[in-house]
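Q: Using this note's numbering, you'd call the opening residue of the sequence shown number 5 and step up by one each time. Even for Gly, the Cβ is constructed at its ideal location relative to N, Cα and C. A single structure is presented below for examination.
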Amino acid sequence: MTDLKKEIGRRRTFAIISHPDAGKTTLTEKLLLYGGAIAQAGAVKGKKSARHAVSDWMEIEKQRGISVTSSVMQFQYDGYCINILDTPGHQDFSEDTYRTLMAADSAVMVIDASKGVENQTRKLFKVCAMRHIPIFTFINKMDRESRDPFDLLEEIENELGMPTYPVNWPISSGKDFRGVYDRQKKHIISFEATGGQRQVAATEVGLDDPALGDLIGDENRSRILEDIELLDGASEDFDLAAVHSGRLSPVFFGSALTNFGVEPFLANFLKMTTPPLARMSDSGIVDPFDEKFSAFVFKIQANMNKAHRDRITFMRVCSGKFDKEMEVLHVQGDKKMRLSQPQQIMAQEREIISEAYAGDIIGVFDPGIFSIGDTVCAPSAKFCFEGIPTFAPEHFRRVRQKDTLKRKQFVKGISQIAQEGAIQIFQEPDTGMEEVLIGVVGVLQFDVFEYRMKNEYNVDIVKEGLPYSYIRWIDNKDIDPKKLKISSDTKLVQDLKGNYLLLFTSEWNIRWALERNEGLSLTEFNKGELQ
Ligand code: G4P
């Protein structure tokens with residue numbers, strides 16, 4: 005096997021997603037510990053403590069204890085090279101999560117065993133299922149009272165719209181949690197809390213071992229034997245092809261905090277998930293093992309490091325090998341270039357890299373040329389990857405700078421933040437950039453926007469709430485948008501490319517506009533954005 009095939013073949017790239025507080029950060033930390041990427045448990049976090057998660061680096065995240073941006077972590081384990089894409093847990097940032105999922109080959113969904121599928125998880129499940137992303141479920145916090153595991157599975161199956169396959173099965177929960185039964189190895193891994201909550205001893209015993217009763221108690225022993233019978237009779241057979249095509253979700257039970265079940269999860273997950281998957285482009289399927297390098301941009305982040313005032317563009321390498329000396333083609337800009345300061349980023353730590361392979365995520369210094377969804381490839385292979393659709397904003401504010409002398413910084417700030425895809429900017433016809441309308445998918449994005457304008461661009465802004473919640477682009481090119489008959493609470497605006505749109509307060513108003521303007525054609529998405 006060539007080095008290229010070997011390197012790509014050992015890559016595993018996945019996104020880790022959850023409802024806030026389900027334990028995503030704790031699980032990530034434990035995975036990094038196994039890979040030796042961090043030296044000490046607790047190095048990653050403590051929202052309430054002084055330490056902060058490796059992945060929660062932005063100031064606002066620290067203050068609010070939520071994850072706003074996604075970050076990327078790479079580590080080695082058992083011959084695999086693993087890329088974890090962390091995602092913001094809060095639903096107001098689900099567009100960011102969606103873009104990150106586009107860069108992953110599978111998703112690990114962390115669920116709190118006492119809560120089951122929560123709102124945010126529900127939405128993400130749907131996205132994964134829609135895109136047929138292989139999805140693995142880690143049911144966390146088994147050291148606390150949990151819901152009935154059969155109920156949890158049923159709920160997951162209903163939400164996902166696909167069957168599940170429990171890889172292991174819990175023996176009780178909370179104070180009485182005794183471990184899990186490994187269905188493939190057909191033995192029990194018992195859990196024993198030692199030294200408080202954070203350390204456990206795990207012992208492996210066979211089902212027919214006479215010591216089992218002593219270890220987990222007779223009652224638990226009979227219950228697990230019953231459960232196993234039920235499971236073997238009722239649950240789906242394990243089918244790896246179905247897992248790979250997103251039609252069966254393997255489920256694991258464990259406790260990230262006490263580190264119980266995490267390593268078996270990692271070992272199984274690595275065996276079950278795929279090496280980098282092929283991606284679709286306008287010239288057909290791009291094979292990750294193809295020698296020619298290609299990548300697409302899924303995330304842009306300005307001011308990662310305030311001192312450097314830089315803008316980093318994150319790309320997912322989709323095929324071949326990247327070499328820092330190589331010349332690449334930025335397809336949308338139609339320009340050949342060398343990517344500047346290619347780096348791997350682990351939260352705030354950065355490491356300049358000289359090579360990367362399909363499956364890897366690289367960050368490059370970006371003077372402002374890239375947009376989300378752009379393709380970069382070997383000059384001899386010009387094609388575009390499928391675009392990443394933008395979500396329609398649902399909340400709007402009118403925004404201007406407090407100090408009119410700061411106009412330049414204001415325009416720079418809103419433009420850069422808009423290029424990252426965190427906000428969308430609109431203008432009323434015939435007005436300048438002194439005052440703009442900002443649209444977002446989740447209201448918390450306004451807070452992040454305001455905070456960043458102040459901290460990164462030194463501009464205080466004034467925001468004014470607007471009542472609109474529906475946005476429609478005007479498709480007709482042959483009408484004068486200013487002459488449309490619209491109700492007094494509908495607003496005509498333009499996006500930065502000059503396209504006209506209407507902002508509505510209700511669906512009723514949309515119908516009103518369509519009825520009164522014959523031939524008017526409105527679309528929910530800006531068609532120009534969707535390639
Ligand atoms: P998130 O990234 O999904 O938002 O969740 P995070 O890992 O921050 O975990 C949320 C809380 O749940 C944390 O407690 C964490 O310690 C706790 N937790 C995570 N996994 C487990 C588990 O397996 N069992 C139990 N019992 N608790 C778990 P916190 O009090 O909010 O923060 P901290 O002070 O403990 O860091």
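For Phe326, write down the residues that DSSP places opposite it in a beta bridge.
A: Position 322 of the sequence shown, counting from 1, holds the residue named residue 326. Ala360, per the DSSP bridge assignment.
Q: Just confirm the distance between the C-beta atoms of Ala117 and Arg151, as a whole number of angstroms; I'd bet it's less than 8 Å.
A: Start at 1 with the first residue of the sequence shown, and residue 117 comes out as number 113. Start at 1 with the first residue of the sequence shown, and residue 151 comes out as number 147. With a Cβ gap of about 6 Å, Ala117 and Arg151 count as contacting.
Q: Give the secondary structure of Lys9 by DSSP, where H, G and I count as helix, E and B as strand, and everything else as coil.
A: In the sequence shown, the residue the question calls residue 9 occupies position 5. Looking at Lys9 - three-state DSSP - the assignment turns out to be helix.
Q: Among Asp378, Glu439, Ile427, Gln431, which residue has its Cα nearest to the Cα of Asp451?
A: Numbered from 1 along the sequence shown, position 447 holds the residue referred to as residue 451. Of Asp378, Glu439, Ile427, Gln431, the residue nearest in Cα terms is Ile427.
Q: Just tell me which of Val463, Arg476, Asp213 has its CA closest to the CA of Leu409.
A: Start at 1 with the first residue of the sequence shown, and residue 409 comes out as number 405. The residue with the shortest Cα to Cα distance from Leu409 is Val463.
Q: Do you know how far the Cα of Leu164 is from the Cα of Ile232?
A: By one-based count along the sequence shown, residue 232 stands at place 228. By one-based count along the sequence shown, residue 164 stands at place 160. Answer to the nearest angstrom: the Cα atoms are 24 Å apart.
Q: Mapping DSSP to helix, strand and coil, what is Gly250?
A: Mapped onto the sequence shown, residue 250 falls at position 246. Of the three classes helix, strand and coil, the one that applies to Gly250 here is coil, per DSSP.
Q: Tell me which same chain residues have a C-beta within less than 6 Å of the C-beta of Gly178, skipping the five on either side of it?
A: Working through the sequence shown from its first residue, we reach residue 178 at position 174. Around Gly178: Arg148, Glu149.
Q: State the start and end residues of the unbroken beta strand (DSSP E) segment that holds Gly443.
A: Indexing the sequence shown from 1 puts residue 443 at position 439. Note, Gly443: beta strand (DSSP E), 439-444.
Q: Could you tell me the boundaries of the alpha helix (DSSP H) in which Pro237 lies?
A: As a first step, residue 237 is located in the sequence shown; it is residue number 233 there, counting from the start. Checking the displayed sequence, the identity of residue 237 turns out to be Gly instead of Pro. 222-238 is the extent of the alpha helix (DSSP H) around Gly237.
Q: The ligand G4P and Ser259: does the residue's C-beta get closer than 6 Å to at least one heavy atom of that ligand?
A: Walking along the sequence shown from the start, residue 259 turns up at place 255. Under cutoff, so the answer is yes.
Q: Taking Cβ to Cβ, would you say Thr509 is nearer than 7 Å to Tyr472?
A: The residue labelled residue 509 in the question sits at position 505 within the sequence shown. The residue labelled residue 472 in the question sits at position 468 within the sequence shown. Against a cut-off of 7 Å, the Cβ pair of Tyr472 and Thr509 comes out as a contact.
Q: How about the stretch 252-261 and the stretch 88-103: do they share at least three Cβ pairs that are nearer than 8 Å?
A: No: fewer than three Cβ pairs fall under 8 Å.
Q: Starting from the Cα of Glu468, find the closest Cα among Lys275, Ile289, His399, Ser298 and give me that residue.
A: Position 464 of the sequence shown, counted from the start, is the residue given in the question as residue 468. Comparing Cα positions, the closest option is His399.
Q: Using the rule of at least 16 other Cβ atoms within 10 Å of the residue's Cβ for burial, across every protein chain shown, is Asn172 buried or exposed?
A: Residue numbering aside, residue 172 sits at position 168 when the sequence shown is read from its first letter. With 16 or more other Cβ atoms within 10 Å, it is buried.
Q: Compare the beta carbon distance of Ile366 and Pro346 with 7 Å and say whether it is the shorter of the two.
A: Against the sequence shown, residue 366 aligns to sequence position 362. Against the sequence shown, residue 346 aligns to sequence position 342. The answer is yes: Cβ separation under 7 Å.
Q: Could you tell me whether the Cβ atoms of Phe414 and Gln423 are closer together than 7 Å?
A: As a working note, residue 414 is residue 410 in the sequence shown. As a working note, residue 423 is residue 419 in the sequence shown. Taking 7 Å as the Cβ cut-off, Phe414 and Gln423 do not qualify as a contacting pair.
Q: Determine whether the Cβ of Gly363 lies closer than 7 Å to any Cβ atom of chain B.
A: The structure shown has no chain B; it contains just one protein chain.
Q: Pick helix, strand or coil for Ser53, following the three-state DSSP scheme.
A: For the purposes of this step, residue 53 is taken as residue 49 along the sequence shown, with counting starting at 1. Below a pLDDT of 50, predicted positions are generally treated as unreliable, and Ser53, at 40, falls in that range; no measurement from the model is reported.
Q: Which residue spans inside the stretch 402-482 form an unbroken beta strand (DSSP E) run of at least 3?
A: Segments of the beta strand (DSSP E) lying fully in the stretch 402-482: 428-431, 439-444, 465-470, 474-478.
Q: Return the Cβ separation of Ala19 and Ile115 in integer angstroms, given the expectation that the two are a contact with Cβ distance under 8 Å.
A: Position 15 of the sequence shown, counted from the start, is the residue given in the question as residue 19. Position 111 of the sequence shown, counted from the start, is the residue given in the question as residue 115. Not really, about 15 Å apart at Cβ, beyond 8 Å.
Q: Can you give the Cα-Cα distance for Leu252 and Glu196, rounded to whole angstroms?
A: To locate residue 252, count along the sequence shown from 1; it is residue 248. To locate residue 196, count along the sequence shown from 1; it is residue 192. Distance between the alpha carbons of Leu252 and Glu196 is about 31 Å.
Q: Which same chain residues end up closer than 6 Å to Arg520 when comparing Cβ atoms and leaving out the 5 residues on each side of it in sequence?
A: As a working note, residue 520 is residue 516 in the sequence shown. If we look at Arg520 and ignore the five residues flanking it on each side, its Cβ neighbours are Lys489.
Q: So, for Ile373: in the same chain, excluding its five sequence neighbours on each side, which residues have a beta-carbon less than 6 Å away from its beta-carbon?
A: Indexing the sequence shown from 1 puts residue 373 at position 369. Hits under 6 Å: Gly337.
Q: Can you name the start and end residues of the alpha helix (DSSP H) that Lys28 belongs to?
A: Sequence index remark: in the sequence shown, residue 28 carries index 24 (1-based). Segment 28-38, the alpha helix (DSSP H) holding Lys28.
Q: So, helix, strand or coil for Leu524, using DSSP?
A: One-based indexing of the sequence shown puts residue 524 at position 520. Three-state DSSP puts Leu524 in coil, outside helix and strand.
Q: Rounded to the nearest angstrom, what separates Ser194 and Glu230 at their Cα positions?
A: Taking the first residue of the sequence shown as position 1, residue 194 is located at position 190. Taking the first residue of the sequence shown as position 1, residue 230 is located at position 226. Taking the straight line joining both Cα atoms gives about 17 Å.
Q: Taking the alpha helix (DSSP H) that Asp100 belongs to, which residues open and close that run?
A: Taking the sequence shown and counting its residues from 1, one reaches residue 100 at position 96. That run of the alpha helix (DSSP H) goes 98-106.
Q: DSSP puts Gly210 in a beta bridge; with which residues?
A: Position 206 of the sequence shown, counting from 1, holds the residue named residue 210. Answer by DSSP bridge pairing, in chain order: His191.
Q: In terms of residues, what are the limits of the beta strand (DSSP E) holding Leu506?
A: The count along the sequence shown starts at 1 and reaches residue 506 at position 502. Counting along the chain, the beta strand (DSSP E) containing Leu506 begins and ends at 504-508.
Q: Less than 6 Å between C-beta atoms, sequence neighbours within five positions excluded: which residues of the same chain meet that for Asp479?
A: The residue labelled residue 479 in the question sits at position 475 within the sequence shown. So the list reads Ser525, Thr527, once near-sequence residues are dropped.
Q: The ligand G4P and Pro371: does any heavy atom of the ligand fall closer than 6 Å to the residue's C-beta?
A: One-based indexing of the sequence shown puts residue 371 at position 367. Not so, every heavy atom of the ligand G4P lies at least 6 Å from the Cβ.
Q: Looking at C-alpha atoms only, which residue of Glu295, Val321, Met166 is the closest neighbour of Ala3?
A: This structure gives no information on residue 3, because the portion of the chain shown stretches from 5 to 535.
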